[in-house]
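To keep things clear, I will list the structure first and then write my remarks on it.
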Amino acid sequence: VMNRVKPTTCIIGLGLIGASWIKALRGQDKVGPVVGYDRNLDSMQLAKETGLIDEYTEDLALAVKDAEFIIISVPILAIESILQTIKDSIKSDAIITDVGSVKGSVARDIRRVFAKDLPNFILGHPIAGSEKSGVTAADETLYQNHKVILTPLPETSPGALQFVIEMWEVAGAKVETMSVEHHDEVLAATSHLPHLLAYSLVDTLAHSHENKEIFNYAAGGFRDFTRIAASSPTMWHDIFTANKDAVLHALDLFTEDLNKLRSAVETSDSTAMMGVFTRAKVARDHFS
Ligand code: NAD
18 VMNRVKPTTC IIGLGLIGAS WIKALRGQDK VGPVVGYDRN LDSMQLAKET GLIDEYTEDL
78 ALAVKDAEFI IISVPILAIE SILQTIKDSI KSDAIITDVG SVKGSVARDI RRVFAKDLPN
138 FILGHPIAGS EKSGVTAADE TLYQNHKVIL TPLPETSPGA LQFVIEMWEV AGAKVETMSV
198 EHHDEVLAAT SHLPHLLAYS LVDTLAHSHE NKEIFNYAAG GFRDFTRIAA SSPTMWHDIF
258 TANKDAVLHA LDLFTEDLNK LRSAVETSDS TAMMGVFTRA KVARDHFS
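In this note's numbering, each residue carries its 1-based index in the sequence shown increased by 17.
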């Protein structure tokens, strides 16, 4: 019988997001023995030394064999092959969840790998994080008062959903549910587009000025706007690849508005400029 009080747990991917969740769960004594798996051996060793996990193994199928709760916390495009590898080793009643920043591609991966025989898989995405990465960035307070979005599939078992909600609430998160499609559209606009713009701006400045001394004169505005350009390149490569359509849609809307603003600057159209800046200031002031 499934032990949902202190489940035997397997964490796949010992980076910022997964390690922080495990640290919070262990801190509240909500998980049983924890087995870790990561493709980086140093991360597994460090996780064991610091007590984040009890054991690790370089054999992924073995890592999940006894697990009642499985957390997948790797870059989006690595998820499908992990599902292939664990498919025949997981317990039939294990609850699996992920933390990936795009949900449509994971939903497709699950259907491709498991076909009609879907496991108890709860798709999730914590709206918390930072530009830091790796096991050393683990922070048990990362999710406190942050939202976590779960995107249940039509087949999702209510019991499994409730279990994952509780595991996030233990970490201090506020859980909301929405559809996979709605999640990917909203996050394309609020998270993916800003990251694309930050990467692009920093890259433009870096290569258009041979001498990097211009960064010495960058003030708070540059710092605020571009902090996220220090995020993991692999993680963001995967996000833009997996959420291409929604990102392109958000980018097209933005490009249209940016071109209008360009014309306003070119023609010194004060009414147009003041309109944009005032509307944006009001919107930003209402958002804490
Ligand atoms: P991270 O780089 O800190 O950790 C990822 C870990 O996965 C690393 O330890 C890496 O070695 C491991 N890994 C990579 N490929 C693997 C594979 N094929 N098999 C096993 N291990 C593998 O990244 P993170 O910030 O923890 O991101 C993990 C997931 O969380 C991503 O899907 C990301 O989209 C999502 N996410 C990130 C943030 C954020 O702000 N960083 C926020 C919400 C969700």
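Even glycine gets a Cβ: it sits at the ideal position worked out from N, Cα and C.
Pairing Glu85 with Gly146, the inter-Cα distance amounts to about 26 Å. Inside the region 199-252, DSSP marks whole alpha helix (DSSP H) runs of 4 or more residues at positions 210-225, 237-243, from first to last along the chain. Of the residues assessed, Tyr54 falls on the buried side of the cut-off, its CB having 16 or more other CB atoms within 10 angstroms. Beyond the five residues adjoining it in sequence on each side, Glu148 comes within less than 7 Å, by CB distance, of Arg244, Ile245, Ala247, Ser248 in the same chain, given in chain order. Per DSSP, the beta bridge partners of Gly53 are Ile28, Tyr73. Per DSSP, reduced to three states, the secondary structure at Leu140 is coil, with no helix or strand assignment. The Cβ atoms of Val119 and Gln101 lie no closer than 7 Å to each other.
The beta carbon of Lys47 is closer than 8 Å to those of Lys23, Met184, Val187 in its chain, skipping five residues each way along the sequence. Apart from sequence neighbours up to five positions away, the residues of its chain that approach Leu210 with a beta-carbon distance below 8 Å are Val264, Ala267, Leu268, Phe271, ordered along the chain. Using a 10 angstroms sphere on the CB of Ser280, the tally of other CB atoms stays under 16, which defines it as exposed. In the displayed model, Glu66 falls within a helix according to three-state DSSP. Across the set Thr258, Ser287, Val181, Leu33, the C-alpha of Thr258 shows the shortest separation from the C-alpha of Leu213.
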